[in-house]
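Working notes, structure below.
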Amino acid sequence: MGTKNSAAIRVEHDPRWARVRARDKSADGEFFYSVKTTGIYCRPSCAARPARAENVAFHRSAAAAERAGFRPCKRCKPDQAPIAERQAAQIAELCRLLEQSEAPPTLDVLARHVGLSSFHLHRLFKRVTGLTPRAYAAAARAVRVRRALRTESSVTRAIYQAGYGSGSRFYEKSAELLGMSPRRFRDGGSELDIQFAVGACSLGAVLVAATSRGVCAILLDDDPARLVLDPERRFPNAQLRKADATFMGLVTSVVELVDHPERGQTLPLDIRGTAFQARVWRALAEIPPGTTATYAQIAKRLGAPQAARAVAGACAANPLAVAVPCHRVVRGDGTPSGYRWGLARKQALLEREAAPPQQRRRKSASRTT
Ligand SMILES: [Zn+2]
Numbered sequence: 541m542g543t544k545n546s547a548a549i550r551v552e553h554d555p556r557w558a559r560v561r562a563r564d565k566s567a568d569g570e571f572f573y574s575v576k577t578t579g580i581y582c583r584p585s586c587a588a589r590p591a592r593a594e595n596v597a598f599h600r601s602a603a604a605a606e607r608a609g610f611r612p613c614k615r616c617k618p619d620q621a622p623i624a625e626r627q628a629a630q631i632a633e634l635c636r637l638l639e640q641s642e643a644p645p646t647l648d649v650l651a652r653h654v655g656l657s658s659f660h661l662h663r664l665f666k667r668v669t670g671l672t673p674r675a676y677a678a679a680a681r682a683v684r685v686r687r688a689l690r691t692e693s694s695v696t697r698a699i700y701q702a703g704y705g706s707g708s709r710f711y712e713k714s715a716e717l718l719g720m721s722p723r724r725f726r727d728g729g730s731e732l733d734i735q736f737a738v739g740a741c742s743l744g745a746v747l748v749a750a751t752s753r754g755v756c757a758i759l760l761d762d763d764p765a766r767l768v769l770d771p772e773r774r775f776p777n778a779q780l781r782k783a784d785a786t787f788m789g790l791v792t793s794v795v796e797l798v799d800h801p802e803r804g805q806t807l808p809l810d811i812r813g814t815a816f817q818a819r820v821w822r823a824l825a826e827i828p829p830g831t832t833a834t835y836a837q838i839a840k841r842l843g844a845p846q847a848a849r850a851v852a853g854a855c856a857a858n859p860l861a862v863a864v865p866c867h868r869v870v871r872g873d874g875t876p877s878g879y880r881w882g883l884a885r886k887q888a889l890l891e892r893e894a895a896p897p898q899q900r901r902r903k904s905a906s907r908t909t
């Protein structure tokens, strides 16, 4: 009895025990626990009824638990990859399938492919990717547009080539199918009305979001599916709505700005950030196209020469790619350092500005924001 108690006390004082009791998913993979009375071992998150502390032992790995003579639990399958991982692998497989199909397979076909019911698959797909399979297929199509854009000089031609009847229909479709149906968000009062849409530009997929005051976000990514998740996170209190026809004109202007950053930016902006961020972003807008400044120079211009690091932080937090030209800020030695949307994009933008097309008009020197 005495030894039993001390075993129980030892386990109860082990921080791992609290995580087992809480079925802490984040502990999965970190350790395993076995139960002497049943001879099985589990992941910390196993939904099985909790064992008594005195019968429990902890193991660093599944192999260690098996060496100690325990069998894997049938419920949490501790000897296999976690369920989430297995499911993510299945969904990833379907994503590849959707990307490669000219005409997207039906939900039933997809479900059969991975041996799930259509209902279950639809939910799982949405949970893993944030999109329905149908929306994902549309997003994949947008990626094909982007690829075509790399080789096609004309945006319209590229859109035609990717199988869309007309440019406007492409934007219409992408807005509709990329999961941008009207959505209400819980909030504590002030409600921001935001429209957004995803288009394709020469640097990949671009998401444009705007309030009635102006553009509040321009985000770049390779993956349109990932992009459309951003506004929900960024504007949790906003009411996001499907973009209307006027808004598509704004998307076109943004695509043009990305393709020709040297022309300067004339979009109405609704800049949202802390007071310091807003000051940094205004200072960035004053760096002429085709030139660069260092973080330290910007800090100095703001009258805060010690704040180079904070300036870098504000650049990284800039939600308005290209329009607030944080790509023009470089390290002290002149090399372009990190860029929120990838170094390759930063370099492409700087190159475009350094050697713009011949037909560029020098008038943009008198640019304002
Ligand atoms: Zn288990």
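Residues 541 to 909 in this note's numbering are what the sequence shown spells out, letter by letter. Using N, Cα and C, we set each Cβ at its ideal position, and we do this for glycine too.
Quick check: residue i and residue j, are their CB atoms within less than 8 Å of each other?
i	j	result
residue 651	residue 658	yes
residue 738	residue 771	no
residue 585	residue 616	yes
residue 740	residue 860	no
residue 561	residue 590	yes
residue 572	residue 581	yes
residue 548	residue 563	no
residue 629	residue 668	no
residue 862	residue 767	no
residue 775	residue 734	yes
residue 892	residue 856	no
residue 816	residue 848	no
Assign residue i to one of two classes, buried (16 or more other C-beta atoms within 10 Å of its C-beta) or exposed (fewer than that).
i	result
residue 744	buried
residue 838	buried
residue 552	exposed
residue 545	exposed
residue 895	exposed
residue 568	buried
residue 805	buried
residue 522	Nothing in the structure corresponds to residue 522, since the chain is present only between 541 and 909.
residue 558	exposed
residue 621	exposed
residue 773	exposed
residue 681	buried
residue 819	buried
Kindly list the residues whose CB is nearer than 7 Å to the CB of residue i, restricted to its own chain and excluding five residues on each side of it in sequence; keep chain order.
i	result
residue 827	833, 865, 868
residue 841	823
residue 870	832, 834, 876, 877
residue 554	598
residue 858	821, 864, 866, 880
residue 605	572, 574, 581, 599
residue 844	none
residue 648	658
Figure out for me which residue from the options has the closest Cα to the Cα of residue i.
i	options	result
residue 598	797, 610, 862	610
residue 637	676, 660, 607, 663	676
residue 577	667, 594, 562	594
residue 631	621, 662, 809	662
residue 753	809, 601, 797, 735	809
residue 679	547, 621, 635	635
residue 851	821, 877, 796	821
residue 761	883, 803, 812	883
residue 566	606, 575, 665, 583	583
residue 592	854, 790, 554, 575	575
residue 674	656, 643, 654	643
residue 779	793, 633, 607, 751	751
residue 653	633, 600, 671, 672	633
residue 885	819, 844, 759	759
residue 791	747, 600, 671	747
residue 600	639, 626, 556, 621	556
residue 795	606, 755, 648	755
residue 626	655, 605, 606	655
residue 873	887, 836, 813	836
Output needed for residue i: all residues of its chain with C-beta closer than 6 Å, excluding positions within five of it in sequence on either side, in chain order.
i	result
residue 799	742
residue 889	801, 867
residue 749	734, 736, 756, 757, 771
residue 789	none
Starting from the C-beta of residue i, find all residues in its chain whose C-beta is less than 8 Å away, skip the five residues before and the five after it, and write them out in chain order.
i	result
residue 602	572, 581, 612, 618, 619
residue 579	609, 610, 611
residue 825	805, 864, 865, 909
residue 955	Here the chain has residues from 541 to 909 only, and residue 955 is not among them.
residue 596	551, 557, 560, 573, 574, 575, 576
Check your understanding: Taking any heavy atom of ligand 1 as the mark, which residues have a C-beta closer than 6 Å to it, listed down the chain?
Key -> 582, 586, 588, 613, 615, 616
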